[in-house]
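Please read the structure below before turning to the comments.
Numbering (the numbering used here), first residue to last: 13 to 128.
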């Protein structure tokens, strides 16, 4: 069973360990079953591709490979921060027009306490 990953697609993260330490980039995809993320411009590898369809070229291309989620931290302002959660109350509308309160969980910055 995969762990809970607090990083989402579209977040800006900084690599804190590995060969690309210090690099920042946008998260392109999250692989929950493997606890890995694909970050734009980080952990680039050469891949040999074969022309499968007519008109498509074969050769060697550079693509981003996944890195473990423990090697990245969310960027907030000038530095990095850990991610926490808190419950926030809100209101929703029913089809008949009446309202009711709901509790939802939101991501917060451990550094500033603000909602991400």
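Using N, Cα and C, we set each Cβ at its ideal position, and we do this for glycine too.
query                                                                                                         : result
Straight-line Cα distance separating residue 52 from residue 79                                               : 11 Å
Selected residue, minimal CA-CA separation from residue 75, among 81, 50 and 67                               : 50
Contact with chain D by residue 40, beta-carbon distance below 8 Å                                            : In summary, chain D is missing from the structure at hand, where a single protein chain is found.
Completely contained beta strand (DSSP E) runs for the region 15 to 47, where each covers 3 or more residues  : 24 to 27 and 36 to 43
Ranges of the beta strand (DSSP E) found wholly within the region 41 to 121, counting only runs of at least 3 : 48 to 51, 56 to 61, 71 to 76, 84 to 88, 91 to 93, 95 to 105 and 111 to 121
Beta-carbon separation (whole angstroms), residue 28 vs residue 83, contact threshold 8 Å                     : 6 Å
Given residue 114 as reference, the closest of 120, 99 and 124 once Cα atoms are compared                     : 99
Residue from 102, 65 and 70 with nearest C-alpha to residue 59                                                : 70
Backbone secondary structure at residue 127 - three-state DSSP                                                : strand
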